[in-house]
Amino acid sequence: MKENLWFEELDNIEPDACYNQLLSNFTKNELNEIRKLWDFHGISQLNKAELIQELTKRIADNLESWLQYLGSEQTEFLKEIIMQCEKYSAAYIEINEFTFYLADYFEARGVVFLGKHQEIAIFLIPEELRIKIKSILNKKSIKKQIRLNDSYIKYAVGCAVYYGVLTPDLLYNSLERYLTPEWRIDPLDVVLEFGEFSHLAYSAGPFFVLGAVEDAPEILIEREERSDLDYYIPSKKEIENAYQNEHSSLKIKRNIIC
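When we follow the working numbering, the leftmost residue of the sequence shown carries the number 4, and every step to the right adds one.
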């Protein structure tokens with residue numbers, strides 16, 4: 004079974020491993036990819052050990068700048084992993100396609116680590132990060148922003164069901180039609196970050212694309228060629244129902260934490 008093949012690919016990690024030890028499992032090239040995603044400058048020429056030292060410090064110092072762009076699906080996953088780590092030393096998980104999808108997203112940030120311990124697959128967040136993430140997620144300002152982000156995500160996904168592909172302009176226009184955005188955090192950045200995480204839709208450059216869409220460029224070309232047409236504008240309730248239908252179908256499939 005492919006689940007067994009996936010399991011065999013996992014690195015052995017100890018539940019009590021410190022942050023430095025977990026990052027040391029990555030190659031220097033992989034560490035530099037983490038650096039690029041965080042947009043950290045001035046450390047690319049360091050040797051591996053020095054790069055790890057810088058990343059552990061800088062990621063911890065910049066967690067809030069990333070967490071404020073997340074929705075509750077992302078943050079609830081982090082909280083669940085933290086709770087399991089504190090209770091059982093690690094989050095023991097089932098191996099399936101969602102496991103690796105989530106691992107790709109969170110490991111790319113150097114925040115959550117997927118591995119195996121005593122022949123069981125685990126997710127692990129090092130203690131140094133768990134403390135900071137919990138503190139940040141308990142802030143009133145962050146809780147408020149996450150609720151707002153959830154609204155952006157809900158209406159973006161619902162609109163993507165109708166339009167297939169959302170350009171930045173279409174996203175902004177749609178959000179302003181159905182709710183009142185607050186611009187301290189750019190809604191486009193929130194939605195595109197969700198696209199990096201979700202199975203419902205994905206991000207392609209500045210575009211937000213429904214997961215079921217097979218040819219996003221063709222949709223954009225056809226829309227440009229038929230720009231004189233008046234497209235149907237769904238009601239707020241229709242958008243909410245579209246999101247709920249997509250979200251419900253995904254929740255049935257996803258079952259990761261044992």
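Note that the Cβ used here is the ideal one computed from N, Cα and C, for glycine as well.
Just so it is clear, the structure is predicted and the values come from calculations on it, not from any experiment.
Range of the contiguous alpha helix (DSSP H) that encloses residue i
i: Phe-74; result: The sequence as given places Gly at residue 74; Phe does not occur at that position. No alpha helix (DSSP H) holds Gly-74; DSSP gives it neither H nor E.
i: Tyr-181; result: 171–181
i: Gly-198; result: 190–200
i: Tyr-22; result: 22–26
i: Phe-29; result: From DSSP, Phe-29 is part of no alpha helix (DSSP H); its letter is neither H nor E.
i: Ala-63; result: 51–64
i: Asp-231; result: Note, Asp-231: premise wrong, no alpha helix (DSSP H); not H, not E.
i: Arg-133; result: 130–140
i: Glu-110; result: 100–110
Euclidean distance between Cα positions of residue i and residue j
i: Trp-9; j: Ser-144; result: 39 Å
i: Cys-261; j: Tyr-95; result: Because Cys-261 carries a pLDDT of 49, less than 50, the predicted location of this residue cannot be relied on, and no value is offered for it.
i: Pro-190; j: Thr-102; result: 27 Å
i: Lys-256; j: Ala-215; result: Unreliable positioning characterises Lys-256 in this predicted model, as indicated by a pLDDT of 47, which lies under 50. A coordinate reading is not provided.
i: Asn-244; j: Gly-161; result: 7 Å
i: Lys-139; j: Ala-111; result: Sequence check: residue 139 is Ile here, not Lys. Taking the straight line from one Cα to the other gives about 20 Å.
i: Glu-89; j: Tyr-235; result: 50 Å
i: Leu-49; j: Leu-169; result: 40 Å
i: Ala-63; j: Leu-70; result: 11 Å
i: Glu-53; j: Asp-218; result: 43 Å
i: Glu-57; j: Asp-107; result: 22 Å
i: Cys-21; j: Asn-65; result: 19 Å
i: Tyr-155; j: Glu-79; result: 17 Å
i: Asn-23; j: Lys-147; result: 32 Å
i: Ile-242; j: Lys-142; result: 30 Å
i: Ile-259; j: Asn-99; result: Legend: pLDDT at Ile-259 = 49, less than 50; position of this residue unreliable, value from coordinates given subsequently. Computed Cα separation, rounded: 8 Å.
i: His-120; j: Tyr-246; result: 38 Å
i: Asp-19; j: Ile-46; result: 27 Å
i: Gln-77; j: Phe-200; result: 8 Å
Proximity of residue i and residue j at Cβ, strictly below 7 Å
i: Leu-195; j: Ser-177; result: no
i: Tyr-165; j: Pro-220; result: no
i: Gly-113; j: Ile-37; result: yes
i: Ser-75; j: Asp-14; result: no
i: Glu-249; j: Leu-203; result: yes
i: Val-115; j: Ile-128; result: yes
Extent of the continuous beta strand (DSSP E) to which residue i belongs
i: Ala-124; result: 123–127
i: Lys-119; result: 116–120
Residue i - partner residues in DSSP beta bridges
i: Val-212; result: Val-168 and Tyr-205
i: Asn-2; result: Nothing about residue 2 can be read from this structure; the chain reaches only from 4 to 261.
i: Tyr-95; result: Ile-125
i: Asn-15; result: Lys-119
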